[in-house]
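Chains as they are written, first to last, in the UniProt record's numbering: chain U, 1 to 161; chain B, 1 to 161.
Ideal Cβ placement from N, Cα and C applies to all residues, glycine included.
Heads up: the structure comes next, in structure tokens.
2 protein chains.
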Amino acid sequence: MTQAMPTPAEPAGLDFPLIRRTGYLLHKAGLLLMEDAEQALIAQGMRMRYFYVLAALESGLSLSQQDLSRLLNLDPTTMVALIDEMEGAGHVERRRNPSDRRRYILRLTDDGREALERAGRAVDQVERDFLSTVPEADRDRLRTLLGDLLADRWPRVIACE
Amino acid sequence: MTQAMPTPAEPAGLDFPLIRRTGYLLHKAGLLLMEDAEQALIAQGMRMRYFYVLAALESGLSLSQQDLSRLLNLDPTTMVALIDEMEGAGHVERRRNPSDRRRYILRLTDDGREALERAGRAVDQVERDFLSTVPEADRDRLRTLLGDLLADRWPRVIACE
DNA sequence: TATTGTTATACTCTATAACTATA
DNA sequence: TATAGTTATAGAGTATAACAATA
């Protein structure tokens with residue numbers, strides 16, 4: 001081949017204007033970090049949405065499947081399959097809500113709580129690794145900046161992908 | 001309904017541990033920003049990947065479809081349809097590479113360059129709006145932090161989703 | 001009549017396999 | 001034999017529609 005081949009290994013050689021955009025960098029950083037986290041969870045037979053549901057149920061509120069669907073922005077039919085999986089793994093229990101027998105009250109089991117903690121540790125580790133190049137002092141600043149950035153968008157912030 | 005309903009409008013009321021993670025905030029911020037950008041581009045009949053290809057071709061390198069596939073991490077078959085669309089819109093030209101007639105050399109047309117500029121302005125505007133709550137001085141800091149964060153992952157940074 | 005959970009179905013997106021023309 | 005582009009096809013993931021139980 002006589003043509004120069006762009007090598008993805010050296011994109012810096014390409015004048016690719018996107019990589020100078022804060023927005024682009026923000027998107028890529030978030031994406032890479034979440035991919036790492038998902039990968040770490042897959043090693044535990046779990047995905048991020050699974051982790052999200054565990055985290056939501058830890059709150060102790062009496063959440064139904066559709067409550068969770070709305071909260072995490074997942075389709076109710078998707079939620080059925082997810083809760084099926086979690087129930088099969090013994091991490092979640094379905095109990096009928098006595099005051100509205102159409103609904104379940106979903107509860108974390110002890111195994112579920114344990115799985116949540118273990119997953120949380122894995123995600124913590126991924127975050128630490130990912131942020132390791134950022135000086136300690138800047139990490140707080142970064143978190144604060146991101147929090148401010150999202151402050152006026154709370155309704156959409158808690159949601160899967 | 002007698003049970004308390006969690007209202008996504010007030011997630012702060014939920015003790016949702018994820019929203020205190022820098023990694024989670026980073027992911028959500030990047031996602032929301034990119035959704036806004038995609039929305040702005042859809043108003044121009046364009047998507048982000050379309051914008052990415054325009055931006056890559058602006059470099060002036062002699063890129064083939066598969067060069068672009070590798071660079072943007074898009075499947076070659078997906079690239080066919082995308083370039084079909086771009087060619088149909090008159091933004092890209094396919095010319096056979098005379099030194100290897102299997103390949104094309106893809107070129108931006110004047111219309112394509114114009115579309116790139118217009119899209120770039122839209123994305124700029126989205127970024128400015130999104131970052132408007134961050135003090136001017138912190139914006140530079142944020143960009144620098146994100147750049148450092150990605151510095152050792154360049155091979156994976158230039159890529160669609 | 002409306003809503004929860006559920007199933008079955010359709011749709012979208014992406015990846016796989018096979019083909020052609022070139023090398 | 002291998003590669004670029006293409007097409008047709010299969011698969012994963014998601015959304016839509018319809019249903020039973022309950023309100």
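Buried or exposed (CB count within 10 angstroms, at least 16 for buried), residue i
| i | result |
| --- | --- |
| Gln44 (chain U) | exposed |
| Gln65 (chain U) | buried |
| Val80 (chain U) | exposed |
| Pro11 (chain U) | With a pLDDT of 42 at Pro11 (chain U), under the threshold of 50, the modelled position of this residue cannot be trusted; read the value that follows with caution. Buried is the call here. |
| Gly60 (chain B) | exposed |
| Gly88 (chain B) | exposed |
| Thr7 (chain B) | Because Thr7 (chain B) carries a pLDDT of 36, less than 50, the predicted location of this residue cannot be relied on, and the following value inherits that uncertainty. It counts as exposed. |
| Ala29 (chain B) | buried |
| Met1 (chain U) | Residue confidence is low: Met1 (chain U) scores 34 on pLDDT, short of 50, so the model does not pin down where it sits. Its coordinate-derived value is still stated next. By the neighbour-count rule (16 or more Cβ atoms within 10 Å), Met1 (chain U) is not buried but exposed. |
| Ser62 (chain U) | buried |
| Asp140 (chain B) | exposed |
| Asp152 (chain U) | exposed |
| residue 194 (chain U) | In the structure as shown, chain U starts at 1 and stops at 161, and residue 194 (chain U) therefore has no counterpart that could be examined. |
| Asp67 (chain B) | buried |
| Ala9 (chain B) | In this prediction, Ala9 (chain B) has a pLDDT of 35, which is less than 50 and means its spatial position is unreliable; nothing more can be read from the coordinates. |
| Arg20 (chain U) | exposed |
Whole-angstrom C-beta distance between residue j and residue i, which should lie under 8 Å
| i | j | result |
| --- | --- | --- |
| Arg49 (chain U) | Leu74 (chain U) | 6 Å |
| Glu127 (chain U) | Thr22 (chain B) | 6 Å |
| Arg94 (chain B) | Leu106 (chain B) | 6 Å |
| Leu54 (chain B) | Ala119 (chain B) | 7 Å |
| Val157 (chain U) | Leu150 (chain U) | 5 Å |
| Leu41 (chain B) | Ala122 (chain B) | 6 Å |
Residue closest to residue i, alpha-carbon to alpha-carbon, out of the options
| i | options | result |
| --- | --- | --- |
| Asp148 (chain U) | B:Phe130, B:Arg47, B:Val92 | B:Phe130 |
| Gly90 (chain B) | B:Thr77, B:Leu108, B:Leu26 | B:Leu108 |
| Pro17 (chain U) | B:Ala40, B:Tyr52, B:Pro17, B:Met46 | B:Tyr52 |
| Leu26 (chain U) | B:Trp154, B:Arg153, B:Leu142 | B:Leu142 |
| Val92 (chain U) | U:Arg139, U:Glu58, U:Leu31, U:Gln125 | U:Glu58 |
| Gln125 (chain U) | U:Tyr24, U:Glu38, U:Leu31, U:Ile19 | U:Glu38 |
| Leu82 (chain U) | U:Arg113, U:Asp100, U:Ser99, U:Arg47 | U:Arg47 |
| Leu33 (chain U) | U:Glu85, U:Asp84, U:Ser132, U:Ser99 | U:Ser132 |
| Glu85 (chain U) | U:Gly112, U:Tyr24, U:Glu35, U:Asp36 | U:Gly112 |
| Asp36 (chain B) | U:Glu35, U:Tyr24, U:Asp36 | U:Tyr24 |
Residues bridged to residue i (per DSSP)
| i | result |
| --- | --- |
| Val123 (chain B) | Answer is none; Val123 (chain B) lacks a bridge partner. |
| Asn97 (chain U) | U:Asp100 |
| Arg118 (chain B) | Answer by DSSP bridge pairing: none, since Arg118 (chain B) is not bridged. |
| Ala25 (chain U) | Correcting the residue identity first, residue 25 (chain U) is Leu in this sequence and not Ala. Per DSSP, none; premise fails for Leu25 (chain U). |
| Ile105 (chain U) | U:Arg95 |
Cβ-heavy atom distance, residue i to the ligand COA, below 7 Å
| i | result |
| --- | --- |
| Leu142 (chain U) | No copy of the ligand COA occurs in the structure displayed, which carries no ligand at all. |
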